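As structure tokens, the structure follows; a few thoughts come after it.
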Amino acid sequence: MGIGIRIENLRKVYDTPPPSAARGGGFSFMAQRSAGSKEKKEKKKKFEVVALDDISLEMRAGEVFGLLGPNGAGKSTTIGVLTTRTRPTSGRAFIGEFDVWKEQVKAKRLIGVVPQRPNLDFALTAREVLLFHGAYFGQSSREREQKTQTLLEQFKLTERADDMVRNFSGGMMQRISIARAMMHDPQVLFLDEPSAGLDPQTRLLLWEIVREYNRLGKTIVLTTHDMAEADSLCHRLAIIDHGRIISQGTPQELKASIPGGYLLRLRFDRAPEELLAVLRSLPGVTEVRSADHIAADVYADRGGPLISSIVTAAQAAGAELHDVHIAEPSLETLFLHHTGRSLRD
Amino acid sequence: MNWKTFYALLSRDGHVARRNLLPTLLQNLLQPLLLTFVFGRILTAGGMMQAGYKTVLLPGVMAISMVIAGVQAVAMPLITEFQFTREIEDRLLAPMEIGWLAVEKIVAGMVQALVAGLVVIPAAWLTMGSGVHFSFRPVEFAVVCLLVAMFSSAGGLALGCSIGPTQIGLMFSLVLAPMMMFGCAYYPWSFLSKFPVLQYAVLINPLVYASEGLRGTLTQSDHMNTMVVIAALAAINVVLLVVGLKKFHSKAVS
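If you read the sequences in order, they're chains A and B. Here our numbering is used: position 144 in the first sequence is 144, and no number is missing along the way. Here our numbering is used: position 225 in the second sequence is 225, and no number is missing along the way.
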């Protein structure tokens with residue numbers, strides 16, 4: 001038995017900067033503080049940031065679901081709402097049968113959360129972080145001691161168990177955060193960009209731990225902007241950009257939805273319309289886009305074999321080819337196709 | 001309400017407080033020791049103050065200790081925990097309504113305030129020597145102590161959720177320092193009768209009721225009516241609790 005998640009028409013508009021943002025200290029009086037009420041309203045509007053714009057989603061029980069998108073797309077806000085930490089402006093979210101906003105305590109029992117930045121209790125040691133977390137969830141002292149020992153071993157933290165976590169490295173903090181989220185054996189595990197800042201080895205360890213936890217029938221929701229991670233871990237994905245869902249499905253379905261599959265990113269000294277027209281007529285090419293008549297994105301069902309014809313076409317048009325990048329069918333190209341931007345932009 | 005979680009949160013705070021026992025004790029004890037020594041011993045021994053001043057001073061110093069301890073015990077950790085590290089998040093995710101976490105912070109702060117207040121009595125006795133005339137009224141004293149402890153930690157909650165780490169210095173110089181000077185800790189409220197405006201202006205300062213309340217229930221020196229003190233402290237408590245909880249909610253949920 002697993003727990004599914006449902007999101008209905010979720011909207012979140014921040015009218016003040018979210019508190020987690022590194023808010024500068026000091027006073028910050030606005031210049032037009034003395035403005036009249038009408039102007040005040042206008043000023044207030046300037047603060048409005050639409051983080052989620054009518055998102056509906058369903059994450060099935062027992063699956064690994066990925067939210068993929070660039071920074072600021074709305075991934076963390078979605079996680080924030082689902083984990084009771086962010087109040088939605090409108091819409092509803094359910095963990096299992098519980099409305100996360102109306103039945104917070106019941107929802108909180110079902111979830112474990114690994115935040116984007118480690119938010120460990122710096123006044124405690126690694127062992128105490130786990131022990132107290134267990135205590136918050138009402139575990140008996142024997143139960144939490146056993147569980148703590150197991151997790152410390154699993155995450156290779158036994159040697160440093162009695163050190164203060166504030167002295168830990170980033171990777172160790174991340175590991176103890178994940179161990180803490182698993183401490184009360186939650187039915188749903190949220191991981192917000194879990195592999196950001198991890199070395200490749202620790203990343204593989206993390207993936208293995210996630211897969212193993214999922215094999216126990218637990219639902220896992222993770223956010224990432226790493227295509228490889230989404231591809232290898234997730235059963236299903238939703239691609240988010242500017243607070244909207246652009247596309248969703250299994251990684252295979254999503255990749256199959258890209259026209260042609262291959263993406264050739266070309267750069268010329270100039271790419272006149274005649275050249276683009278010739279490129280469009282090449283065999284296997286499904287779509288050619290060029291915003292600035294210098295670079296051109298060619299979607300096609302083949303990659304390398306097209307190069308010679310492209311070079312010929314460029315020469316015929318009197319243009320010079322400066323750079324070629326061939327991307328095989330991937331989520332990266334999918335994202336690019338839908339947004340016109342690379343995930344790292 | 002989930003008592004197991006509440007108790008676990010309290011024991012976490014207790015655990016951290018025990019770990020910092022020595023620095024906390026020093027922090028809470030040094031100031032009252034110095035104050036009572038200088039004002040209660042040096043100045044009275046030299047004849048600059050009358051011997052009776054010791055009795056006036058002791059409850060005031062106790063009130064200051066409680067207020068500072070309570071405010072610090074709640075506000076300081078909150079300011080750190082609500083910073084960008086969001087250390088508090090783990091506790092916000094504990095299976096309990098988040099308002100109870102604020103209540104737990106207040107309870108933990110009250111315990112620290114009470115300890116800080118009670119250790120002042122023997123400590124001050126030591127530095128000032130004999131000459132303090134006690135007139136102890138246990139039930140009223142307990143009520144006043146509890147109300148003072150509560151307003152200081154509820155105030156700590158409101159302050160801790162309102163200011164950022166860079167404003168801690170300002171909090172001390174703009175809020176706590178005037179509060180101490182105009183808190184009737186070093187003189188009874190009736191002494192202000194020569195400054196009528198000031199005498200009524202200081203009534204918004206909760207420390208006035210703390211000092212006067214302790215003065216009335218611990219000694220026989222000149223003091224405000226204890227029932228008035230209790231009523232005022234209760235009202236202040238309600239206001240600070242409402243403000244503190246509201247601020248806590250808006251800080252905890254984005």
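By construction, the Cβ of each residue, glycine as well, lies at the ideal position given by its N, Cα and C atoms. Quantities reported herein were computed from a predicted structural model and do not represent experimental measurements.
**OP:** Return yes when at least one heavy atom of the ligand SAM lies under 6 angstroms from the C-beta of Ile121 of chain B, else no.
**Re:** In the structure on display, the ligand SAM does not appear, and there are no ligands present to speak of.
Original post:
Any residues in the segment 111 to 132 of chain A with a beta carbon nearer than 9 angstroms to a beta carbon of chain B? Which ones, in chain order?
Top reply: Ile111, Gly112, Val113, Pro115, Arg117, Pro118, Asn119, Leu120, Asp121, Phe122, Ala123, Leu124, Glu128, Val129 and Phe132
**OP:** Check whether the Cβ atoms of Arg166 of chain A and Phe122 of chain A sit closer than 7 angstroms, and answer yes or no.
**Re:** yes
**OP:** Specify, as a first and last residue, the run of the alpha helix (DSSP H) that Ile307 of chain A falls within.
**Re:** Ile307 to Ala316
Original post:
Thinking C-beta only, is Thr55 of chain B closer than 7 angstroms to Gly221 of chain B?
Top reply: In the sequence under discussion, the amino acid at residue 221 of chain B is Ser, which differs from the Gly named in the question. Result yes, Cβ atoms of Ser221 of chain B and Thr55 of chain B sit closer than 7 angstroms.
Original post:
Around the C-beta of Gly40 of chain B, are 16 or more other C-beta atoms found within 10 angstroms, so that it is buried, or is it exposed?
Top reply: buried
Original post:
Straight-line CA distance for Ala45 of chain B to Met128 of chain B?
Top reply: 9 angstroms
Subject >> Top-ranked residue by Cα proximity to Ile258 of chain A, from A:Glu97, A:Met182, A:Asp301 and A:Asp199 >> reply: A:Asp301
Subject >> Proximity below 7 angstroms, CB of Ile106 of chain B to CB of Ala154 of chain B >> reply: yes
**OP:** Identify the continuous alpha helix (DSSP H) that holds Leu21 of chain B and give its terminal residues.
**Re:** Leu21 to Leu35
**OP:** Anything in the segment 136 to 155 of chain A with a Cβ closer than 8 angstroms to a Cβ of chain B? List those residues in chain order, please.
**Re:** Tyr136, Phe137 and Gly138
**OP:** Provide the residue(s) that pair with His325 of chain A in DSSP beta bridges, ordered along the chain.
**Re:** A:Arg265
**OP:** Grab the span of the beta strand (DSSP E) containing Ser152 of chain B for me, first residue to last.
**Re:** Segment Pro138 to Gly160 is the alpha helix (DSSP H) holding Ser152 of chain B; no beta strand (DSSP E) there.
**OP:** With Phe248 of chain B as the anchor, note down where its alpha helix (DSSP H) starts and where it stops.
**Re:** Thr226 to Ala252
Subject >> Residue closest to Met96 of chain B, alpha-carbon to alpha-carbon, out of A:Lys106, A:Glu253 and A:Ser90 >> reply: A:Lys106
Subject >> First and last residue of the uninterrupted beta strand (DSSP E) at Ala185 of chain B >> reply: Careful: Ala185 of chain B lies outside any beta strand (DSSP E) and carries neither H nor E.
Subject >> Test item: CB-CB of Asn119 of chain A and Glu89 of chain B under 7 angstroms >> reply: yes
Original post:
What residues from chain A crowd round Glu104 of chain B, counting only those whose CB sits closer than 7 angstroms?
Top reply: Within chain A, no residue comes near Glu104 of chain B; the closest Cβ sits about 11 angstroms away, beyond 7 angstroms.
Subject >> Ala295 of chain A - containing beta strand (DSSP E), residue span >> reply: Ala295 to Ala300
**OP:** Identify each residue in the segment 56 to 81 of chain A for which the Cβ-Cβ distance to at least one residue of chain B is less than 7 angstroms, and report them in chain order.
**Re:** Gly80
Original post:
Is DSSP giving Ile258 of chain A helix, strand or coil here?
Top reply: coil
Subject >> Rounded Cβ spacing between Val288 of chain A and Phe190 of chain A (contact assumed at less than 8 angstroms) >> reply: Between Phe190 of chain A and Val288 of chain A the Cβ distance is about 40 angstroms, and since that is not below 8 angstroms, they are no contact.
Original post:
What is the residue span of the beta strand (DSSP E) that Glu104 of chain B lies within?
Top reply: No beta strand (DSSP E) contains Glu104 of chain B, which is instead part of the alpha helix (DSSP H) from Ile98 to Met128.
Original post:
Per DSSP, what kind of secondary structure is Gly346 of chain A in: helix, strand or coil?
Top reply: Past the boundaries of the shown model lies residue 346 of chain A; chain A is included only from 1 to 345, so the question cannot be answered.
Subject >> 7 angstroms Cβ cut-off: residues of chain A touching Lys4 of chain B >> reply: Gly138
Original post:
Any idea what DSSP makes of Glu8 of chain A, helix, strand or coil?
Top reply: strand
Original post:
From A:Val64, A:Arg270 and A:Ala256, pick the residue whose C-alpha is nearest to that of Tyr299 of chain A; which is it?
Top reply: A:Ala256
Original post:
Is the beta carbon of Ala73 of chain A less than 7 angstroms from the beta carbon of Asp199 of chain A?
Top reply: no
**OP:** May I ask you to report which of helix, strand or coil DSSP gives Asp199 of chain A?
**Re:** coil
**OP:** Using a Cβ cut-off of 9 angstroms, pull out every chain A residue sitting near Glu87 of chain B, in sequence order please.
**Re:** Asn119, Leu120, Asp121, Phe122 and Ala123
Original post:
In three-state DSSP terms, what is Gln104 of chain A?
Top reply: helix
Original post:
Ordered along the chain, which non-local residues of its own chain (more than five positions away) have a Cβ less than 7 angstroms from that of Asn20 of chain B?
Top reply: none
Original post:
How about Asp13 of chain B: is its C-beta nearer than 7 angstroms to some C-beta of chain A?
Top reply: no
**OP:** Check whether the Cβ atoms of Ala346 of chain A and Ala161 of chain A lie closer than 7 angstroms to each other.
**Re:** Past the edges of chain A, shown from 1 to 345, lies residue 346 of chain A, and the structure says nothing about it.
Original post:
Considering only C-alpha positions, which residue in the set A:Glu208, A:Gly2, A:Glu274 and A:Gln154 is nearest to Ile111 of chain A?
Top reply: A:Gly2
Original post:
Between the C-alpha atoms of His133 of chain B and Glu140 of chain B, what's the straight-line distance to the nearest angstrom?
Top reply: 18 angstroms
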